[in-house]
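Numbered as in my numbering, the sequence shown ends at 881 without a single skipped number.
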Amino acid sequence: MKQRAVSHIGVIGAGMAGLVASMQLARLGHSVQLIERAKYPGGTAGYYVREGVEYPTGATISFGMEPGGPLRALLEDVGVHLPSLAMEHSMDVVLMDRVVHVYSDRVRWMEELRRAFPERAVEVVEFWKRLERTARAVYLVSKSYASLPIRTATDLGRLPSTVLHHPRLFLSSVPEMRSTVEAMLQKYRLKDYDPFCRFLNAQLLDAAQVDISHAAWLPSAVALDIYRYGTHVVAGGFTAIAQALLQQARALGVQVWMSHTVVGADYDSAAKKWRLLSNRRMQLEVDAVINATGRAIPTSHADHAAANHFDSAVEALEARSVGPRWGAVRLDALVSSQWLRSLDLPVDASIYPFAFQLANDEEMGTLLEDPDGAVYVTLHPRKECQRAALERREPVSPCQPEDGQVVTVSVHTPALGWISLDKDTYQLKKAAVARALMHRLEKVLPGFVANARVRRMGTPLTYQRYLNKAEVGGHPLTVKASLVTPRGARTERPQWYLAGDTVFPGPGTLSAAMSGLYAARAIDGRAGRTIPVL
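Here it is, written out as structure tokens:
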């Protein structure tokens, strides 16, 4: 049956998914209303401001921003052109007995694997060569903008021509469709090699939300190898991307409602209209809705009231989860720039962000119920230094040391383990985690405690308070959730669509932005057609 024409669309959530979806639809002539509960755009790749200091809420390094990359193509397709700086060394993964330097150059990375894992260097390098081939196939799928599950011809994107141009590469990946990372490690006799497995777990629990035993090989391969496709930093970080997208959305005619929380949605089956209600008593009547929040929106409608349908992103995530539903403990700090400059860091921290993944020690793993995870520490650059570096195209900072540079720290923890605590137990646990974090941070940033002028700590309860959801990170990249029965944009509800990191393609800023395109395309098949062939 031919899809009914849609003209008035409500998009809930001004994260990367909601912004991309809104702009794609607005430029096709649809009337779009974008509703966001926060004061600032970006969602989990956004920011918040407190006492005049801007703290990023999530991602800092831009994947897919290399020339011809899928994120850069998405942004430029809707008129957002942002200069960026390439990074060669963006992260150190700190294990108990060694440090792994994460490089973008493939030759240098292979040398690093041999250095970091000398006990099984031959097997590790052969494993990674196989991973590279798989990652290339999956990344080409991403650049074709094919979306799962494939229900219409538009969902295929440019996949048919991509496969025709690389038939052998894709044929070699077919037998790996149901493999996990652990199964592939077994093939290369690495399953029992603890240092390498701990390294992979530290990376995957952040990028895929699951460990090697459940992580699907195909999407995990590209998640692990994406640094080699180019690590780029946009001046101003994702704050600048979010602000630029919001400005361009308004220029395209999107009506933006900030500081409004959608608290309910009612469907009129006779008029075939949705009525969205905000916490500030605003009502919007629209033909279609894109929920890009990653949380359930209470709805009522006569045609699809059955409780057994997984119609919300949160319910879909629950149905496909393996292990705990992840929340996060977060620490935001303002530190001395002069102190940071005195440390032996591999990059100029005034220009480039740098991350440490600190594999959880026994104390941290026990406290956070995550023995295989890692503390993720990001040193955030100063905007004015980045802009000056971009203008001069010089690797040396033109900025003088100043006080006031942001460091953010986050670590996974099961959300339920915090929500169910009484007040006194919660405070004791929060204090214990804070002490353990400080101890862990001092190992790589000696003097952190003494040089942090401001330290603010949040838990899953903080996320619940400000974002209306205690969980973070999106749907897990298991074989079932990402390949066998992936959750796409369409739902059982009439003209109700999903976008964000809880649906295909999954976690990450690039994936969230692509999901926004897929939701727009599910409504109007013309969306994305102007993106150049990559």
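All C-beta atoms in this analysis are idealised placements derived from N, C-alpha and C, irrespective of residue type, glycine included.
Proximity test, residue i beta-carbon vs the ligand MG heavy atom, cut-off 7 Å
i       : result
Gln-371 : The model on display carries no ligand, and the ligand MG is accordingly not part of it.
Identity of the residue in the options nearest residue i by Cα
i       : options                               : result
Glu-440 : Pro-807, Met-804, Val-724 and Pro-841 : Reading the sequence as shown, one finds Val at residue 440 and not Glu. With distances taken between Cα atoms, Val-440 lies closest to Val-724.
Arg-873 : Ala-364, Ala-373, Val-358 and Gly-357 : Ala-373
Ile-573 : Gly-416, Asp-769, Thr-806 and Gly-376 : Gly-416
Asp-848 : Gly-362, Gly-357 and Val-353          : Gly-362
Phe-701 : Glu-710, Glu-709 and Leu-687          : Leu-687
Gly-360 : Val-609, Ala-420, Val-449 and Lys-770 : Val-609
Pro-414 : Pro-430, Pro-645, Leu-511 and Tyr-540 : Pro-430
Lys-534 : Tyr-492, Arg-505, Val-581 and Leu-478 : Leu-478
Leu-714 : Leu-692, Ala-781, Lys-816 and Ala-554 : Ala-781
Ser-829 : Thr-809, Leu-511, Phe-851 and Val-601 : Phe-851
Arg-627 : Thr-877, Ser-378 and Glu-383          : Glu-383
Ala-612 : Ile-870, Val-358 and Ser-354          : Val-358
Ser-625 : Leu-690, Gly-376 and Leu-381          : Leu-381
Gly-712 : Thr-760, Leu-681 and Ser-494          : Thr-760
Gln-774 : Asp-717, Gly-720, Leu-808 and Val-796 : Leu-808
Leu-690 : Ile-766, Gly-794 and Ala-618          : Gly-794
Leu-599 : Gly-393, Pro-879, Ser-697 and Gly-376 : Gly-376
Residues of its chain near residue i, where Cβ-Cβ distance is below 7 Å and the 5 sequence neighbours each way are ignored
i       : result
Glu-818 : Arg-672, Trp-673, Gly-674 and Ala-762
Val-427 : Ala-591, Leu-592 and Gln-595
Arg-597 : Val-603
Leu-784 : Leu-678, Val-722 and Val-756
Thr-501 : Arg-868 and Gly-872
Ala-568 : Leu-478, Thr-481, Ala-482 and Val-485
Residues bridged to residue i (per DSSP)
i       : result
Thr-527 : Ala-563
Phe-703 : Asp-439 and Val-724
Arg-803 : Asp-679
Thr-825 : Ala-562
Arg-837 : Tyr-844
Gly-674 : Thr-760
Ile-359 : Ile-382 and Asn-638
Cβ shell of residue i (< 6 Å), same chain only, five flanking positions each side left out
i       : result
Ala-364 : Ala-639, Ala-846, Gly-847, Ala-859, Ser-862 and Gly-863
Thr-578 : Ile-408, Met-434, Ser-437 and Ser-451
Ser-489 : Pro-417
Lys-730 : Gly-583
Leu-623 : Gly-357, Val-609, Ala-612 and Leu-631
Leu-547 : Ile-559
Opening and closing residue of the alpha helix (DSSP H) in which residue i lies
i       : result
Glu-435 : Counting along the chain, Glu-435 falls outside any alpha helix (DSSP H), and DSSP gives it neither H nor E.
Arg-461 : 453-463
His-512 : 506-512
Gly-794 : Element bounds for Gly-794: n/a, residue is neither H nor E.
Thr-481 : 468-491
Thr-713 : 709-715
Gly-764 : 763-766
Ile-588 : 584-598
Gly-390 : Taken as a continuous stretch (DSSP letters only), Gly-390 belongs to no alpha helix (DSSP H), as it is neither H nor E.
Gly-365 : 363-373
Ser-862 : 856-870
Ser-684 : 684-689
Inter-residue spacing [alpha-carbon to alpha-carbon] between residue i and residue j
i       : j       : result
Arg-800 : Gln-595 : 36 Å
Leu-571 : Gln-630 : 44 Å
Met-524 : Leu-565 : 7 Å
Val-449 : Trp-456 : 7 Å
Ala-635 : Arg-834 : 19 Å
Pro-854 : Arg-461 : 29 Å
Ile-644 : Ala-866 : 17 Å
Glu-529 : Ile-559 : 5 Å
Gly-399 : His-512 : 52 Å
Arg-575 : Thr-499 : 33 Å
Val-669 : Val-580 : In this prediction, Val-669 scores a pLDDT of 47, lower than 50, which makes its location untrustworthy; the coordinate-derived value is nonetheless stated afterwards. Going by the C-alpha atoms only, they are around 33 Å apart.
Gly-764 : Ser-519 : 42 Å
Met-804 : Val-676 : 7 Å
Ala-468 : Arg-536 : 12 Å
Val-472 : Thr-509 : 28 Å
His-355 : Tyr-699 : 42 Å
Asn-815 : Leu-824 : 23 Å
Gln-556 : Gly-720 : 10 Å
Val-446 : Leu-681 : 26 Å
Arg-419 : Lys-770 : 46 Å
Close Cβ partners of residue i (< 8 Å) along its chain, the five nearest in sequence each way excluded
i       : result
Leu-768 : Lys-776
Lys-619 : Arg-351, Asp-634, Pro-841 and Gln-842
Ala-649 : Low per-residue confidence applies at Ala-649: pLDDT is 43, beneath 50, and the placement is therefore not dependable, though the value from the model is reported in the following sentence. These residues qualify, in order along the chain: Tyr-614 and Ser-616.
Continuous beta strand (DSSP E) stretch holding residue i: start and end
i       : result
Asn-638 : 635-638
Glu-401 : 400-403
Thr-578 : 578-581
Gln-556 : Where Gln-556 is concerned, there is no enclosing beta strand (DSSP E), given that its DSSP letter is neither H nor E.
Leu-422 : Taken as a continuous stretch (DSSP letters only), Leu-422 belongs to no beta strand (DSSP E), being part of the alpha helix (DSSP H) at 417-424.
His-448 : 446-450
Ser-378 : 378-382
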